[in-house]
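Residue numbers (this note's numbering): 286 to 456.
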């Protein structure tokens, strides 16, 4: 039974990979085995992400053309303004930080839904953002890590995370 289960899992993975490749090539999601009761959303989402990341190098930043800068749009929503210390010359913020950029290596066709890449955070390139006047900071992880990563078909990645930072301020 264990061997049959492993064989079935391998066949399913291979079918999903062929399906994802067909989607990336502009298919409509109606290829073998996906007509009968298996939704495109459930069958294709993970496979598309894994096919896109198969030869992806997260150590190289995305570029539209060789040598071009990677433009990262950043916005921040201040949820709360915490303690202010005149003695230590610092203050604390709870923020929602959103970064958005285009990674042409992750473009795909045939699937118009936004993909969640949160579970693949370690496998994609993420900007090295820092707060110059930061004394301390942390990413919220109660009850799970508080970040989301979305990929749109045109290669646009949106990365949102909740942070608490203690920042210096000459007073």
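We treat Cβ as the ideally placed atom computed from N, Cα and C, and that holds for glycine.
Bridge partner(s) assigned by DSSP for residue i
i           : result
residue 434 : 444
residue 386 : 442
residue 361 : 382
residue 419 : 452
residue 424 : 448
residue 369 : 376
residue 414 : Paired residue(s): none; residue 414 is not in a bridge.
Residue i CB to nearest heavy atom of the ligand ADP below 8 Å
i           : result
residue 453 : This structure does not include the ligand ADP; it has no bound ligands of any sort.
7 Å CB neighbourhood of residue i in its chain, flanking five on each side removed
i           : result
residue 324 : Note that residue 324 scores a pLDDT of 39, beneath 50, so its modelled location is shaky; the value from the coordinates is reported in the next line. Excluding sequence neighbours, residue 324 sits near nothing in its chain.
residue 420 : 375, 451, 452, 453
Cβ-based burial, residue i [other Cβ within 10 Å; buried from 16]
i           : result
residue 396 : buried
residue 363 : exposed
residue 415 : exposed
residue 434 : buried
residue 439 : exposed
residue 451 : buried
residue 319 : In this prediction, residue 319 scores a pLDDT of 35, lower than 50, which makes its location untrustworthy; the coordinate-derived value is nonetheless stated afterwards. Buried.
residue 459 : This structure cannot speak to residue 459, because the chain is shown only from 286 to 456.
residue 315 : For residue 315, the predicted structure reports a pLDDT of 44, less than 50, and the residue's modelled location is therefore unreliable. The matter cannot be settled from this model.
Residues of its chain near residue i, where Cβ-Cβ distance is below 8 Å and the 5 sequence neighbours each way are ignored
i           : result
residue 386 : 347, 355, 356, 357, 358, 412, 441, 442
residue 456 : 371, 374
residue 390 : 337, 341, 347, 440
residue 349 : 387, 389
residue 345 : 410
Beta carbon of residue i nearer than 9 Å to that of residue j
i           : j           : result
residue 405 : residue 334 : yes
residue 522 : residue 407 : Because the chain is modelled from 286 through 456, residue 522 falls outside the range shown and cannot be assessed.
residue 409 : residue 402 : yes
residue 418 : residue 365 : no
Own chain, CB closer than 6 Å to residue i, minus 5 neighbours either side, in chain order
i           : result
residue 425 : 431, 447
residue 377 : 367, 368, 451
residue 423 : 449
residue 360 : 383
residue 353 : none
Report yes or no: do three or more beta-carbon pairs, one from the segment 435-452 and one from the segment 371-387, lie closer than 8 Å?
yes
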